[in-house]
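Step one of this worksheet: look at the structure below.
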Amino acid sequence: MSTSRRSSTTRSRSETNMHAQQSIKESHRKILHRVKRDRPGDRPANPIAPNLLAPSFTAAPPEVKRPRLTPGVTLADFGERTPKFSTRNAVTVLEEAFKSWESGDRQIGWQRLREFSIEHLQVLSGSHIECACLLVRLAAMCRWVEPSEACLRYTLCIMEVAPSMTDLWRAIFPLIVDEKRKDCGILQRFALDAFVLSLFQMVVSNGLLSDSQMEVAREVAARSLHSDDYERRIAAINFHIAHAIQSENSKNQEELLALEKLLCDLSEDRDSRVRYAAVKGLSTLSESRKSLSFYIYSVAKKSTENTEKFVRIEALRILKDFADRLPETEVSGRNNVKLRLVDDAFTVVCHAINDIEVLVRAEAAKLLGTFEQVSDCFLDQTLDKKLLNAMRMSKTWQSASRRPQRWNTRRERYAASTEWSTGKKLGEDVPAERIEDEQASIIPTGACGALITALEDEFMVVRQAGVYSLGRLAANRSFLAAAAIDNLSDMFNDEIEQVRLDAIYALTPLVVHGVLHKEQLDTMLTVLDDASPDSREALRVLLMKATMDSPECMRDSVRALLNCLRRFPIDESSIFQCLSDLGRRHGSFVEPLVVELLGLNAVFEITEPELDDSIYMAKLMLVLNAASVHDPLCSLLPEFVIRHYRYLRSSMPDLIPFVKTLSDGEVSEVDDTSRLTKKNAARRETLSLLESLYDKVCDACKMDSYTERSAMLKRLESDFEGLSDEDGSIAGTARFVANMVRMLMQYDMALQRLSCFSDFHSVLDVIDEGLEILDHGDNEFRSVDATLLGVLAEYRFRLRILRIAAMLDIDCRAYTNIAETLTDEMDALKERLTALDVVATEAVTNVLRGIIEQVEQCAEKKFIGGRGILAAFQPRTLIPPEKPASFGTIATKWVEIVEPNEPFKDPIRFKAGLPMGVPFNILLHNFDETDVENFRIKIGYSTQRFVLYRPRKADIKYVPMQAFRFLGDVLIESNAWSTAGVVRVSCVLLAFQRKSIKLEKKDDGVKLTQRDTSSHIKCIPLLESPFSSKLAYKDVPIYPMIRCSF
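Using my numbering, the first residue of the sequence shown is number 87, and each one after it goes up by one.
Below, the structure written as structure tokens:
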């Protein structure tokens, strides 16, 4: 029994192995099967042949047989292992590939080509010409098309990154036209024409093609245009376009006309990819200010009905370019009606709104907003789907065609079509309205209501484009703006947040041209309940500029704003500002609401509300601003409102205006114009004080006594700090100068201690602190001019050189690369000054000259000491530059943590080992696009570990009047052994620094005190206010739990 069971088990195993081997053979047979030539529809459209430009990691050709790996067999059985790719030279790899293909070893040849493309192509340096020559020689030598195409593709990639394309092209062109290979050279192999033309295209785009080389390129392009391969035809089109754009000779006008005719013919090619390349070429010529012939307008108009969507998109762009260049040219429109070219092109684009493809509809909707010279009647038609009378053919329209008899015949047919059908004539019972719309219109009926159709589209991208175009078209046309308010207000109910936000932004500049009615306002006020703070803020900005239709509209707006304040207390300041503007613009509408808002009673006196009540404060903002423009309202106000007015007028002068009726007669108040004048005068006085203090800093730096100089600079630093707290308009400049004064003090202290042979380790600490101050000066401020940034770069260079001198004073014989380090620091300074386009000052030039002398002496004596470097710093004191151009305009980058706005009462519990998101709402003030990219959230844990969290791009949005806003979740993590603690969430900016050469020690066993702070990336903490030195952070108590239920 056991023997039979064992034998059956053996048979089953042998059958399993046999089936496995058969499956492996079948898979290898499929892999090794030669792939047939691609049909025109097998590969995607490739207008500019990116597959010719991008490096390809092509696998071995199907004919190559690979060793089969079976159990018990290792790679070592197939031969000795090659060394790692990173240790091999790119030229050596290509030479081995060339020898392998030359000897017929295709397997090794493909392996070496793959090795070159994967390991060397992207990081090639120093051997571009040698590699390109080897690749071209290999492409000419191979008989198979696949390896030759791969070699030419790699050559294209090398040409893109080559330091000198001229030398590289001069080296490879003789190999391409090698006369020794007349029968099997690269130019004689038509299958490689696409790649060869791509090489010529790149060279002609850079203006490196000579006349003789141009003849060769034209010959290859001419034969490729008549090829059956679509890639060759596309490559020929791209080459001709590149040559036409690069050529600026007026004698080439005939060639340009011939190219236009060629592209027009190819725009009807049987292959959609070739058609797209041809129409794209016409669009490229048009964008490059090469005026196209007028007959191309009809070609582009016909191409808008092409079956390929990308062809239709490019045709619409060509029509838009003709409309910009020749707006008043007369063309024949529908039913042979003479129209302006801009009107006819606008009609075609409107009709494209009904396209079946989303991309075409989106492009058409976006292009509509760019037509600036279109007639008003055509703009009116975009907001009405029913054909307007202005768009119907009349005797005025028909007189242009000079065929009045046809008009009379059509009128008779219209009249006959209104009767009952007799059944004797075809189409006799067609309604008159349909005949009129189809045959009596000067535009296609599908173009009617184009913008309405775009706003009703099911895809977000089309609706966004429609909102953009409608807002842009109506911005400078008051007649269209009044009609656009209804349509844009309906978009406030869109399901996509970004579409709602775009609709608010588009409608904001239009509300000044019309009046908001109750139906429109009811739709708009729903945005105040939106969870997105950006939408709420944008709508409040809109309401500040709007004009209400009636007191009912005013009542609904105030009620909605007060409800928003109750639900979102963080919007308090914005709601106060909105109510203030509403009150000033609608004083007469506020008067009927005073009794209701303040809760007044005709018989009984009411209790005086507290000023701590934000709802009551919001009502006061509205009422007092209305009273400033509408005097009868003041008679309705109780006594306590007058007392509150006097207090708020002093504490909030920007929100509470001057009300003459409520002012105390004993105190002579001034109006807002006088207050603004005094404010500007006070700012000028503060700025002059700032300038005088800066002059004192320059005088203090010229003092000979170190003690007196340090004491004076310390007093001036406190003065600048006080100025930054007093006046917000110059707070950034005052803080920047105070930062510079602190750096000067650190530099002076380090130089003094080095001169007195003090503790060199403490000198390193002083220099490191000065470098940190410079990091803040480079990254913490905005609107700093290039001159000041160049001065900061010179200060950084001085401190880093002093740091090297201090380390050499500790032990000068412990380092081996002193000269290289000094040279690298000088190069870093020159690169920074070149990038800023400023010239080095005379003082730093003397320092550079002294250090260069030390480096030259090092080559002779093999020794550089700290004393020699210190001798180059003459004179010892640093004098700041004269008053810079950006003085008074420098702003501090700071962040405002809006939410969470209160301390956490209870710790946040979550599952240990899993991340948890804490919602944050942070406003980024005085930031630009680069600062937003470098913005990070630093999460510090109780274990002295911190993590930098990079916000998603979708979580940071631009907010009007407040720069940028981060609204999202900050991820906090913990491991399974974490305990309850506090996590500090702070905001930082990344400061990227140039990689520098560090001092290297001779003996690693000797440990000297060395503090290296020159990391590549540093974190600059941000302030919570431009007036204080407190950092912006929020402590979040967490309680990770091993077991928790959700």
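The beta carbon of each residue, even a glycine, is placed where N, CA and C say it ideally should be.
Source: prediction; values computed, not measured.
What residues in its chain sit with their C-beta under 8 Å from that of residue i, if we drop five residues either side in the sequence?
i	result
L961	The sequence given here places Pro at residue 961; Leu does not occur at that position. Only A929 meet the Cβ criterion.
M831	S796, L799, K800 and E803
L587	S618, D620, S621 and A624
L686	V680, I692, L722 and P724
L964	C787, L830, Y833, D834, Y881, R884 and A929
In angstroms, rounded to a whole number, what distance separates the CA positions of residue i and residue j?
i	j	result
L180	E246	19 Å
D441	G455	18 Å
I582	K471	25 Å
T612	L741	26 Å
R670	S374	51 Å
K1116	P1107	10 Å
R821	V435	55 Å
F1050	I976	19 Å
F276	D357	20 Å
R729	S714	16 Å
A560	F806	49 Å
Q550	L537	11 Å
A768	M738	18 Å
N766	F1032	45 Å
D1055	Y1035	10 Å
W196	T1065	57 Å
I1128	F867	45 Å
L683	V598	27 Å
M310	A322	The residue you asked about is not Met; residue 310 is Ser in the sequence shown. Rounded to whole angstroms, S310 to A322 spans 6 Å at the Cα level.
I1124	K1024	16 Å
Label residue i either buried or exposed according to how many other C-beta atoms from any shown protein chain fall within 10 Å of its C-beta, with 16 as the threshold for buried.
i	result
K1120	buried
E1086	exposed
K452	buried
D429	buried
A971	exposed
N579	exposed
W230	exposed
E346	buried
L1000	exposed
V1122	buried
P1126	buried
N392	buried
R403	buried
G876	buried
G250	Sequence check: residue 250 is Ser here, not Gly. Exposed, by the Cβ-count rule.
C842	exposed
Quick one: what's got a C-beta closer than 6 Å to residue i's C-beta in the same chain, skipping five residues either side?
i	result
D895	F846 and G952
T156	Confidence in T156 is poor, its pLDDT being 33 and thus under 50, which makes the residue's placement unreliable; the coordinate value appears in the next sentence. Here the set comprises nothing.
L908	I937 and V941
F464	D429 and F432
H206	A176
A386	A401, I404 and L405
Name, in chain order, the residues that DSSP records as bridge partners for residue i.
i	result
L1057	G1003
Y1035	I1023
M640	Its beta-bridge partners do not exist; DSSP assigns none.
E1011	Sequence inspection shows His at residue 1011; the Glu mentioned does not correspond to that position. Partner(s): W980.
R1070	G1026 and D1121
V1045	A1049
I'd like the list of long-range same chain contacts for residue i, defined as Cβ closer than 7 Å, with 5 residues on each side in sequence excluded.
i	result
D811	F1113
G532	H437 and N440
R735	I742
P967	T873 and V877
Checklist entry - Counting Cβ pairs, one atom from each stretch, are 3 or more of them under 8 Å apart for the region 387-401 and the region 436-453? => result With the cut-off at 8 Å, the region 387-401 and the region 436-453 touch.
Item to check | the region 826-843 in contact with the region 856-869 per 3-pair CB rule at 8 Å | outcome: yes
Checklist entry - Would you call the region 718-738 and the region 683-700 touching, i.e. three or more CB-CB distances under 8 Å? => result yes
Next on the checklist: Whether or not the region 877-891 and the region 989-1008 are in contact is what I'm after, with contact meaning three or more pairs of Cβ atoms, one per stretch, closer than 8 Å; do they touch?
Outcome noted: no
Checklist entry - Does the region 292-309 come close enough to the region 339-354 to have 3 or more Cβ pairs within less than 8 Å? => result A contact is defined here as three or more CB-CB pairs under 8 Å, and the region 292-309 fails this definition with respect to the region 339-354.
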